[in-house]
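Below is one structure, written out as structure tokens; comments come after it.
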Amino acid sequence: MQDVLNAATLGSIYLLFALGMALVWGTIGILNFAHGATFMFSAFIGHLVTQRVELPMLVIVAIAVAVGAAMSALTQLLAFQPILRRAKSQHAAEMRILIGGIGIAAIPLAIAQRETRSSPFGFQSTYSAEVMEIFGLRITTTGMIIVLCGLGIGIGLTVWLRQSRRGLALRAIGVDPETTAGMGVNRPALAFGTMAVAGGLAGLAGALLTFQLGAIAPETGDQLLIKAFAIIVLGGLGSMAGTVLGAYILAGAESFVLEMNWGTWVDAVSFGLIFLILLVRPQGLLGRKEVRRT
Amino acid sequence: MTVTTEMPTAPLMEVRDVAVHFGGVKAVDGISMKLEPGAIYGVLGPNGSGKSTLLGAMTRLTPMTRGAFVFEGTDYTRKPARAVHRMGIARTFQTVRLLEDRSVRDNVLLGVDAVGRSQRKEAAAQVSDVLERLGILEIEALRPDELSYGMQRRVEFARAIISRPRLLLLDEPTAGMNSAEREEIGGLMRQLLAEGITQFIVEHDVQMMVDTCDRLYAMNFGKLIAEGTPTEVVRHPAVQEAYLGKGAGQHA
Amino acid sequence: MSTWYDMNVILIQTTLTTLLLALSIQVPLRFGVFSFAGVGAFGIGGYTAAIAMVRFEWSTWPAVALGALLAGAITLLVGLVVQRLTGLYMGMATIAFTLIVSVLAVNGGDWTGGAMGLYGALGEISIPQLAVVVLVVVGLLQLTELSSMGRRVDAVRDDPELANAVGVNVVLYRRMSFLVSGLIGGLAGAMTTLLRTTITPAEVNFHLVIVSLTAIVVGGSRSWVGALIGSIIFVWLPTWIAFVAEWEKVAYGFIVAAAAIYLPNGVLGVIKDGWHRFRTRDERARAAAVAEEA
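Protein chains in written order, with this note's numbering: chain A, 1 to 294; chain B, 1001 to 1252; chain C, 2001 to 2294.
Below you can see the structure in the form of structure tokens.
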């Protein structure tokens, strides 16, 4: 049981990271390769701030969320929006957005690596994690917060996309951009807002993971990027519920591999999953075929 | 190769009970035609009647649900799309589809790039001639995005005829052209016919079809609703109804 | 001249090996295949050549040939498996393949030297020999850019349906692009490894994908000339501009992002467009006059 709880904590971290990516990709069709860098840099700014003043957890998280949202919104405004405006076809735009994202991701990564000399960084906080015991299972308060945030936001976002008007508009853009634009949905504004929300989620995930582990390395974001891709493909693009499911499945599988002492193979789980799912069930576990937009 | 012996003059192209269904939508629903060599055939029909889908199926680019295509006695229903062009069937597209980074000349030459080497050499020698006939020789070094729409359509046309096909499928060849350009293209089509290129045009502009075609088919909702000489088909009540709405047939 | 050569021997060598790697990514892109499997092929080629030399005491050139051929064969197989995927899905599946190669290298035990990698693969490759190999590869690629073959390749990339309609075997061309990508990637990996005498799993990572993409995107993705321009910029820029050397990775991030936004066809694209406009200035004036008349 303890293993299951540990896997749930890991899965919640994956989920918080992947939700922002899944939201943006599944609706406005942008696979944001700078998402990992946004995640890392939000926590890094939190680290820089707390080097001067010791802050409570909530303030650090708020800073990271704000930085993440701002970075992501800026990426949209300065890079992706101009690319979408200039590209002649969806296919060309996709590739240029991918490459543009890779380029943008390199900037914060290089800055953080330079400042930290590629060593892990953490926060100076008034908060300190305590170990709780529930029904004989041990979990840190941070772990608890992560699981609650992950599940809460995951389910909340799923419901919001299904029920709210704006959620409907977003889903409609994911299925048929042209018709939706004709129906009076302001695509650039919606895209901008969606990217900001996704960035905020990346910032949240960055801060919480740093609290959980004590420190993260500048490269952590890049590793999570591939895992998030595996999660989204596994769950099914366009399905938030699928992303939630995918995150816990991947975390479960990785925990199992670690438990069996096959530690050096752990990265192969996500890479292998990507391969397997794309070949066997390309629409993912909960995805619908028509939502795929390649 | 199957040679049909019971027919004294084998048709150039035979369409046998072809259907194309997209899920529940019957875009083409049981069409049969026989095209004899040496004529210009036209399929008339309002937008969405299935005529472009039929043309897509004839080139094997659109997967079909049932039926068969026989060209010069060869059933090519199961052959891939790329084999259709090599058999001697060329086509143009409804929307202009040109390589954007390539010159007019290169775009036209693409029409013979994947045929046999000897045919390619022969065609390359004639490319200037083809460009001249379509009035695009002077602008052969330009790229598509530097041309007017009418000019782009001519490049499409040139690419289709450079391979000297025996059957030329034209998907709304004069869409977006002014009337002078239409007449010019119509004249060119008659000229190509004289050189032995049978043509099959899909179009919704009635006037253009009446002026150019020897024989017309009319389609609506995926089925043939009339066939005959252009005047017969245009006067046919079902065609009048498809074009002008119910009840129009009696007043025309 | 000879002092310049002696001083810059390492940079010349790096330019040539970077060019080979960039070409292995560029070839599939030219065929409209969004595959990064060339980087995986780099790893396979590198390891194969090193194992052949260190464990089986093969001599240099047979080891290089074995590396290239094995990488080509495996990449072709991967291509057959992933060929029905499109766009981003293909991109990510092939990145997953590349990273699996690296996980296999970590877990290869004595064969691959594990996480420490293989040492002592003392290949005997001189710079002139490397240059000859690069020249042969470039010469063969030039054939695929000229006249009829070049137009067919362009059609396969820009409009596969049109390519089919004019009789081009699109599926075969795309499969061959995997084979060629694997052969060139394997060659790059084998020669780079034997020149450096070592290879480690950490080298076959996402960063290598970025390096090769950078070179292509900045230089131009449509021709080997673009890959050459990109490789030269990538390798030599830090030696020309001290500021770039100091902030190397940040500068590359900016350059890649800017190229993705503003120069979709890279430096070579700008040069070609400029030359085209200059050459056709009379014709364009005439066409404009005709359009005005009508």
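For glycine and all other residues, C-beta sits at the position ideal for the given N, C-alpha and C. Only a predicted model underlies this, so the values are computations on that prediction, with no experimental measurement involved.
- Residue contact with chain A for residue 2253 of chain C: present (Cβ-Cβ distance below 9 angstroms to some residue of chain A).
- Here DSSP, grouped into helix, strand and coil, assigns residue 1064 of chain B to coil.
- Taking the Cα of residue 2150 of chain C as reference, the smallest distance to any Cα among C/2168, C/2049, C/2214 is reached at C/2168.
- In the DSSP assignment, residue 23 of chain A falls within the alpha helix (DSSP H) that extends over 2-28.
- Within the DSSP secondary-structure output, residue 1021 of chain B pairs in a beta bridge with B/1026.
- Residue 1017 of chain B and residue 1031 of chain B have their C-alpha atoms roughly 5 angstroms apart.
- Among the CB atoms of chain A, none fall inside 9 angstroms of the CB of residue 2272 of chain C.
- Sequence-distant partners of residue 1145 of chain B (beyond 5 residues in either direction) whose C-beta falls short of 7 angstroms from its own C-beta, in its chain, are 1100.
- A check of alpha carbon separations from residue 229 of chain A across A/41, A/200, A/269 identifies A/269 as the nearest.
- Minimum Cα-Cα distance from residue 1218 of chain B among the listed residues B/1046, B/1069, B/1019 corresponds to B/1046.
- Fewer than three pairs of CB atoms, one per stretch, sit closer than 8 angstroms, so the region 223-243 of chain A makes no contact with the region 64-81 of chain A.
- Around the C-beta of residue 1178 of chain B, fewer than 16 other C-beta atoms lie within 10 Å, and the residue is accordingly described as exposed.
- Taking 9 angstroms as the cut-off, the beta carbon of residue 1233 of chain B is found no closer than this to the beta carbon of residue 1052 of chain B.
- The beta carbon of residue 2014 of chain C is closer than 6 angstroms to those of 2235 in its chain, skipping five residues each way along the sequence.
- DSSP places residue 2171 of chain C within a helical segment (H, G or I) once states are collapsed to three.
- Contact with chain B is found for residue 2283 of chain C, since one of that chain's Cβ atoms lies less than 9 angstroms from the residue's Cβ.
- The residue among C/2265, C/2205, C/2257, C/2052 with its C-alpha nearest the C-alpha of residue 267 of chain A is C/2205.
- The residue from A/43, A/59, A/212, A/47 with its alpha-carbon nearest to that of residue 139 of chain A is A/212.
- Within the DSSP secondary-structure output, residue 1149 of chain B pairs in no beta bridge.
- Within the model, the alpha-carbon separation for residue 227 of chain A versus residue 1173 of chain B is close to 50 angstroms.
- Residue 2194 of chain C and residue 2125 of chain C do touch by the CB rule: their CB atoms are close to 6 angstroms apart, below 8 angstroms.
- Residue-level contact check: residue 1129 of chain B does not touch chain C, since none of the beta carbons of chain C fall below 9 angstroms from its beta carbon.
- In the DSSP assignment, no residue is bridged to residue 2056 of chain C.
- Interface with chain A (9 angstroms Cβ-Cβ cutoff): residue 2256 of chain C is included.
- Residue 2148 of chain C has a beta carbon lying within less than 9 angstroms of a beta carbon in chain B.
- Along the region 40-59 of chain A, none of the residues has a CB nearer than 7 angstroms to a CB of chain C.
- Counting of Cβ neighbours within 10 angstroms places residue 2010 of chain C among the exposed residues, the total staying below 16.
- At a beta-carbon threshold of 7 angstroms, the residues of chain C lying near residue 96 of chain A are 2260, 2264, ordered along the chain.
- Between residue 2120 of chain C and residue 2114 of chain C the beta-carbon gap is near 15 angstroms, outside 8 angstroms, which marks them as no contact.
- Each residue's CA atom was taken as its position, placing residue 261 of chain A and residue 1080 of chain B some 51 angstroms apart.
- Taking the CA atoms as reference points, residue 1166 of chain B sits about 6 angstroms from residue 1198 of chain B.
- From the beta-carbon of residue 278 of chain A, the residues of chain C found nearer than 9 angstroms are 2082, 2085, 2089, 2090, 2092, 2093, 2096.
- Burial is judged here by how many other beta carbons sit within 10 angstroms of a residue's own beta carbon; residue 51 of chain A has fewer than 16 and is exposed.
- For residue 260 of chain A, there is no enclosing beta strand (DSSP E), as DSSP marks it with neither H nor E.
- Interface annotation, residue 2171 of chain C: not in contact with chain A, CB-CB separation never under 9 angstroms.
- In this structure residue 225 of chain A touches residue 35 of chain A by the C-beta definition: roughly 6 angstroms separates them, less than 8 angstroms.
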